[in-house]
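K.L.:
In this note's numbering, the protein residues as written are -10 to 113.
Take a look at the structure:
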């Protein structure tokens, strides 16, 4: 997982979006999806979408025995459009937004931990 040097910029943007009580989260979801793709985090993006579909599959009308295997047969763009449309139709955009924010915060914390571990190992 490699990050460009402007990782802190993205972290600040995501944190500011999380603090705002934004009413229309659809465009922000699209932006987060695109940003993760730009950062080369397509696997993480797929996981976020599959996790959302897995959690809310019964509410959005998608039932599957193993959503992770079924959705790996779809392209990432198809998976995003499916999750986004189903979330919008079922009035679950806030939940999809929350899934992205929670996952992005976890990714950022993991990156900080790895960075700190790297700095500690260089000191020894």
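Note that the Cβ used here is the ideal one computed from N, Cα and C, for glycine as well. Since the model is a prediction, treat every value here as computed from it, not as a measurement.
Where do the ends of the alpha helix (DSSP H) carrying residue 61 lie?
P.N.:
Element bounds for residue 61: n/a, residue is neither H nor E.
K.L.:
Determine the DSSP secondary structure at residue 89, reduced to helix, strand or coil.
P.N.:
helix
K.L.:
Can you find the residues in the same chain that come closer than 7 Å, C-beta to C-beta, to residue 89, ignoring five residues on each side of it along the sequence?
P.N.:
18, 21, 37
K.L.:
Decide if residue 76 is buried, meaning its Cβ has at least 16 other Cβ atoms within 10 Å, or exposed.
P.N.:
buried
K.L.:
Among 42, 85, 79, 74, which has the Cα closest to the Cα of residue 61?
P.N.:
42
K.L.:
Assuming residue 15 contacts residue 71 under a Cβ cut-off of 8 Å, what Cβ separation, rounded to an integer in Å, is found between them?
P.N.:
In fact, because the Cβ distance is near 15 Å, the residues do not count as touching under 8 Å.
K.L.:
Does residue 85 pass the burial test, meaning 16 or more other C-beta atoms within 10 Å, or should it be called exposed?
P.N.:
buried
K.L.:
Which runs of the alpha helix (DSSP H) fall wholly inside the stretch 20 to 59 and span at least 4 residues, in chain order?
P.N.:
31 to 49
K.L.:
When you compare the CB positions of residue 79 and residue 49, do they come within less than 7 Å of one another, or not?
P.N.:
yes
K.L.:
Taking DSSP as the reference, what is the three-state secondary structure of residue -2?
P.N.:
Three-state DSSP puts residue -2 in a helix.
K.L.:
Below 8 Å on the Cβ atoms is my guess for residue 27 versus residue 65; work out the distance and round it to an integer in Å.
P.N.:
Residue 27 to residue 65, Cβ: 13 Å. No contact.
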